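The structure appears below as structure tokens.
Residue numbers (our numbering): 4 to 289.
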């Protein structure tokens with residue numbers, strides 16, 4: 004729509020030039036030119052990526068995480084997604100070209116089907132620009148995994164130490180109703196068959212949209228957990244010496260969850276098709 008309106012204004016300028024001659028064009032066309040510039044600025048926005056980077060991101064698959072500005076948090080997110088990209092390349096047909104740190108304040112998020120968002124302590128509320136960008140991304144097919152990374156501090160009656168940060172973060176968003184992931188959800192079978200979703204920690208609740216995310220091919224736009232998956236993915240790739248609670252088995256299951264997460268964001272709910280059931284049962288029998 005913005006592009007069509009820009010063309011309309013350009014056509015208006017040409018019409019004025021033909022009617023009045025180019026000598027009187029400046030005074031008569033000033034309002035149209037001003038509107039053209041304002042609309043162009045509104046439509047394109049501000050992006051930290053160069054045109055070459057935008058072409059690169061559009062032409063290949065990149066895993067992305069939200070940059071927090073905290074070196075420890077960002078370092079683990081970078082290492083974790085790099086490890087996940089390597090595991091995806093080794094085990095699936097998905098071959099990510101790299102990992103990108105993005106900011107909802109200045110970057111176009113639409114290039115990335117899946118974004119990992121590590122929630123830091125004392126997370127400030129998002130600005131109006133960031134809220135609009137994140138909401139647009141969620142409303143148009145994007146999936147964000149919010150990871151509070153605080154399972155070890157959670158109790159039976161309250162969330163972990165970063166729960167308040169998460170509330171401030173998504174409080175201004177139009178968030179659909181969420182529910183603990185139900186048995187048989189597509190995320191449990193998008194590549195591996197999973198019953199739990201461990202990361203560095205195990206046992207935390209994974210929250211997804213109710214009603215199977217109608218209108219987005221069954222893909223939940225928001226997924227929330229607290230198991231610190233990036234730390235586990237970094238350990239999987241040898242970029243961390245972190246020892247997980249249950250050792251190599253938990254590390255393997257964390258890698259499998261990461262693979263399922265990316266495949267889920269990319270392929271939607273096709274695994275709900277009953278045609279796959281015999282093949283799954285045959286694999287279980289083997």
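Glycine included, every Cβ here is placed at the ideal spot set by N, Cα and C. Note that the structure is a prediction, hence the values are computed from the model and not measured.
Report, in whole angstroms, the separation of the C-beta atoms of residue 60 and residue 11, which I expect to be a contact under 8 Å.
Between residue 11 and residue 60 the Cβ distance is about 30 Å, and since that is not below 8 Å, they are no contact.
Please report how far the alpha carbon of residue 171 lies from the alpha carbon of residue 124, in whole angstroms.
Between residue 171 and residue 124, the C-alpha separation is close to 11 Å.
Going by the beta-carbon positions, is the gap between residue 151 and residue 166 smaller than 8 Å?
In contact: residue 151 and residue 166 (Cβ atoms closer than 8 Å).
Given residue 22, which residues of its chain have a CB within under 8 Å of its CB, disregarding the five upstream and five downstream residues?
Contacts found: none.
Of the choices 67, 77, 232, 267, whose alpha-carbon is the least far from that of residue 192?
With respect to the C-alpha of residue 192, the residue from 67, 77, 232, 267 having the closest C-alpha is 267.
Contact set for residue 164: own chain, Cβ-Cβ below 6 Å, skip 5 residues either direction
Excluding sequence positions up to five before and after residue 164, its CB lies within less than 6 Å of the CB of 153, 156, all in the same chain and listed in chain order.
Contact check, residue 91 vs residue 119, beta carbons under 8 Å:
Result no, Cβ atoms of residue 91 and residue 119 do not sit closer than 8 Å.
Going by the CB atoms, is the gap between residue 146 and residue 183 shorter than 8 Å?
It is not a contact, given that the beta carbons lie outside the stated cut-off.
Are at least three pairs of beta-carbons, each pair with one atom in the segment 94 to 112 and one in the segment 62 to 72, less than 8 Å apart?
Yes, the segment 94 to 112 touches the segment 62 to 72.
How many Å lie between residue 272 and residue 286 at the Cα?
Their Cα atoms are separated by approximately 20 Å.
Which one or two residues does DSSP pair with residue 212 in a beta bridge?
For residue 212, the pairing in a beta bridge is given by DSSP as 181.
Could you give the DSSP three-state label for residue 225: helix, strand or coil?
Correct three-state label for residue 225: strand.
Taking the alpha carbon of residue 130 as the reference point, which residue from 105, 262, 176 has its own alpha carbon closest?
With distances taken between Cα atoms, residue 130 lies closest to 176.
Just tell me which of 186, 127, 116, 262 has its CA closest to the CA of residue 222.
Cα-wise, what sits closest to residue 222 is 116.
How many whole angstroms separate the CB atoms of residue 70 and residue 20, which I take to be in contact at a CB cut-off of 8 Å?
The pair is not a contact, with the Cβ atoms about 46 Å apart (cut-off 8 Å).
If I follow the unbroken alpha helix (DSSP H) through residue 65, where does it start and stop?
No alpha helix (DSSP H) holds residue 65; the beta strand (DSSP E) holding it covers 65 to 69.
Distance CB(residue 230)-CB(residue 214) smaller than 8 Å
No, Cβ-Cβ distance for residue 230 and residue 214 is not below 8 Å.
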